[in-house]
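Here is the structure we will look at.
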Amino acid sequence: MATAFVFPGQGSQAVGMGKDLAETFAEARALFQEVDDALGRNLSKIMFEGPEDELRLTENAQPALMAVSLAVMAVLREHGFDLAASAKFVAGHSLGEYSALAAAGTFSIPDTARLLKARGHAMQDAVPVGEGGMAALLGLDMDVAREVAVEAAGDDVCAAANDNAPGQVVVSGTKAAVERAVEIAKGRGAKKAVLLPVSAPFHCALMEPAADVMASALADVEMAAPAVPVVTNVTAEATSDPDAIRSFLVRQVTGAVRWRESVLYMKDQGIGRLVEVGSGKVLSGLARRIDRGLEAVAVGMPADIEEFLKRP
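Take any residue in the sequence shown, count from 1 to its spot, add 1387: that is its number in the working numbering.
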């Protein structure tokens, strides 16, 4: 069965993440130490012990989620797993795209950690706290959500930011516009429309300052062609070209995460199984909502790794 490896985004973090991996596998401990050294701080302690509000900070959550995903990959490699021989594609949700690229060898682990810290910091600083917002519109498809966002924007900013699954779209923008979008969506038949507890309005035009930061950061980082093509958030198609990947990662900061389309693209290319690598099971749940014919497996704990390695 053709397989794609997918990597979770922000929101999948939880205090204790990675602790069982570190206690069980020397390769995971080494990976976490490599990330700590790259960042010049004990991020793994925050991951393992909290406090939760510190882990939730964007500049911590993003490299932390990458670290757990790459720790799992390090353990799998030590047990003989070869990503290039076993996967047709890699993909990641928002920051998870960096995890996917690191797993496929485009970025080194230290560079990925530093890029994600810079990305998280820049995204948090792009908009003053309280001036932006995001909301989940449940029961509306992407086309209707776009119409809602346009109507809500007025002189402000509001855009469809995440197309996660059928009937699960997130809008992002200025706080007033997003609040208007919630009310408009209810009138357009949304089953539920709720503001999300986020610290910044990700994946909309308000993130342009962060895109500029990432353009500069990515220009200075060595990039190799991934061992496995990456399905990018902004195109929902695969590429292995480092220059194209660099451009797409910059565009990703302000552009929509086209996750539903990405999963359907992989299905159309023959993928029958998605393996979610890292913390949580969010992407596995979305996969089942996008196409029930897809098999979805989450590999994030020692027992998951043991079970995965037994599979053909």
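From the three backbone atoms N, C-alpha and C, an ideal C-beta is built for every residue, glycine too.
Whole-Å CB distance - residue i paired with residue j, under 8 Å assumed
i: Val1569; j: Leu1582; result: 6 Å
i: Thr1561; j: Leu1593; result: 7 Å
i: Val1455; j: Ser1666; result: 5 Å
i: Lys1475; j: Phe1435; result: So it is not a contact: roughly 34 Å between Cβ atoms.
i: Met1510; j: Ala1623; result: About 22 Å; that fails the 8 Å criterion.
i: Met1521; j: Val1558; result: 7 Å
i: Leu1636; j: Met1688; result: Incorrect: roughly 29 Å between the Cβ atoms, too far for contact.
i: Val1393; j: Gly1479; result: 6 Å
i: Ala1547; j: Arg1567; result: 14 Å between Cβ atoms; not a contact.
i: Ala1690; j: Lys1668; result: Going by Cβ atoms, the distance from Ala1690 to Lys1668 rounds to 13 Å, so no, they are not a contact pair.
i: Gly1576; j: Leu1502; result: Gly1576 to Leu1502, Cβ: 40 Å. No contact.
i: Gln1449; j: Gly1507; result: 4 Å
i: Ser1495; j: Leu1452; result: Incorrect: roughly 17 Å between the Cβ atoms, too far for contact.
i: Ser1431; j: Asp1424; result: Going by Cβ atoms, the distance from Ser1431 to Asp1424 rounds to 11 Å, so no, they are not a contact pair.
i: Val1640; j: Ala1598; result: 4 Å
i: Arg1660; j: Glu1682; result: 4 Å
i: Ala1500; j: Leu1426; result: 6 Å
Sheet register partners of residue i (DSSP bridge)
i: Ile1658; result: Ala1389
i: Gly1560; result: Gly1520 and Cys1545
i: Phe1394; result: Gly1479
i: Glu1356; result: Nothing about residue 1356 can be reported from this structure: the residues present for the chain run from 1388 to 1699 only.
i: Val1644; result: Asn1549
Exposed unless 16 or more other CB atoms sit within 10 angstroms - verdict on residue i
i: Glu1410; result: exposed
i: Glu1414; result: buried
i: Asn1620; result: buried
i: Leu1408; result: buried
i: Met1460; result: buried
i: Lys1504; result: buried
i: Gln1420; result: exposed
i: Asn1549; result: buried
i: Pro1395; result: buried
i: Asp1498; result: buried
i: Ala1466; result: Rather than Ala, the amino acid found at residue 1466 in this sequence is His. Exposed, because fewer than 16 other Cβ atoms sit within 10 Å of the Cβ of His1466.
i: Val1653; result: Checking the sequence shown, residue 1653 turns out to be Met, not Val. When all chains shown are included, Met1653 counts as buried.
i: Met1388; result: exposed
i: Ala1631; result: exposed
i: Arg1443; result: buried
i: Arg1645; result: buried
i: Gly1519; result: buried
i: Val1516; result: exposed
i: Glu1484; result: buried
i: Ala1447; result: Reading off the sequence, residue 1447 comes out as Asn, not Ala. Burial call: buried.
i: Arg1464; result: exposed
i: Gly1574; result: exposed
i: Glu1595; result: exposed
Is it true that the region 1541–1556 meets the region 1674–1685, where meeting means three or more beta-carbon pairs spaced less than 8 Å apart? yes
4-residue-minimum alpha helix (DSSP H) runs that sit fully inside the region 1487–1556, ordered along the chain: 1496–1512 and 1529–1540
Note down, one range per segment and in chain order, each beta strand (DSSP E) of at least 3 residues found wholly within the region 1445–1491. 1476–1479
If you scan the region 1559–1639 from start to end, which runs of the alpha helix (DSSP H) of 4 or more residues do you find wholly inside it? 1562–1574 and 1595–1606
Could you tell me whether the region 1538–1548 touches the region 1612–1619, using the rule of 3 or more Cβ pairs below 8 Å? no
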